[in-house]
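Here the structure comes first, spelled out in C-alpha cells, and everything after it is commentary.
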Amino acid sequence: MKVLAIKSSPRIKGNTNSIIDKIVQGAEESGHVIIPYNLNEMHVKGCQACRTCKEKGVDCIIKDDLKDYWDKLKTADVLIMGSPVCMYTFCGPLKTFIDRHYCTKDKNMKSRLEPGKKVIMVYSQANSDEDAYKDNFNVLDQYFKTHKMEVQTIVHCGHNHASENEELMQMAYELGKSL
Ligand SMILES: Cc1cc2nc3c(=O)[nH]c(=O)nc-3n(C[C@H](O)[C@H](O)[C@H](O)COP(=O)(O)O)c2cc1C
C-alpha cells in the first residue's frame, strides 16, 4: 500500500512526529511504501480562491511544494497526519495545507478522490483531558468523511514526551504494522 505521512509540527523529534515515526516504522516493516511530507519545511501557500479547480475540474494550479502531491494523494491508500494542538485546535500549517484540498471536490462539491482511503490523525496536546478539543478535531473528520475516508484518531495528552510512553509507542507501531 502507499502511505502518505504528513507532519506539521516544527519540533522534528516532538510528540506528534514521534508517534508518526512509530506508525511509519510498523508500516515499513509490513512492506508499505511511505511518502513523507514535512509541512514545516515546505513552501505551501494558502488557497488563492481562484476557483480554477472548480471551473476546469483540475488539481490545484499553484506551483509550490504541493505541485506533485495531488497525484500522490489520488493513488494513496492511507494518510497519516499529525498536528500539535495550538490555541485549542490543529495547527496553522495543517489548516493551510487542508484548505488547499478545495481542489479535491468538483464544481458540485462532489469528491474527485476514490472512496475508501484510511486516515490516521495524530494530535498532541498539553491538556490532560483527551476530549478537550474533540469538537475542533471533528471539523477535520467531517471533511474526510465527505470523501468517504475512514478516520482513526490518536490523541497524546499532557507534559510527558510521547516517545517515553511505551504503551503509546507500541500501539502506534502495531497500528502501522497492521495497515
Ligand atoms: C503556540 C502554541 C499553542 C498551544 N496551544 C495549546 C492549547 O491550546 N492546548 C493544549 O493543550 N496545548 C497547547 N499547546 C501545547 C502543545 O500542543 C503540546 O506541547 C504538544 O505536545 C506539542 O506537540 P509537538 O511536540 O508534536 O509539537 C500549545 C503549544 C504552542 C507552541
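Reminder that position 118 of the sequence shown reads as 331 in our numbering, one-by-one numbering, no gaps. Here a beta-carbon is modelled for each residue, glycine too, at the ideal position from N, C-alpha and C.
Contact check for Val246 against Met214 passes: the beta carbons are separated by less than 9 Å. Distances from the CB of Met294 to the heavy atoms of ligand 1 are all 8 Å or more.
Here the region 323-343 lies against the region 359-373, with 3 or more beta-carbon pairs under 8 Å apart. Ala385 has its CB no nearer than 8 Å to any heavy atom of ligand 1. The criterion of a C-beta distance shorter than 9 Å is satisfied by Lys318 and Arg325. With respect to Val257, Phe303 sits apart: the two C-beta atoms are not nearer than 9 Å. Runs of the alpha helix (DSSP H) lying entirely within the region 331-389 and spanning at least 4 residues, in chain order: 347-359. Inclusion of Val298 in the 8 Å shell around ligand 1 follows from its C-beta lying nearer than that to a non-hydrogen atom of the ligand. Each of Ile274, Ala218, Asn253 and Glu254 was checked against the Cα of Cys263, and the nearest Cα belongs to Ile274. Membership of Ile247 in the beta strand (DSSP E) is indicated by the continuous run Val246 to Asn251. DSSP, read as helix, strand or coil, puts Ala240 in helix. Gly389 counts as buried, since no fewer than 16 other beta carbons sit within 10 angstroms of its beta carbon. Looking at the DSSP output, Ile219 sits in a beta bridge with Tyr250 and Met294.
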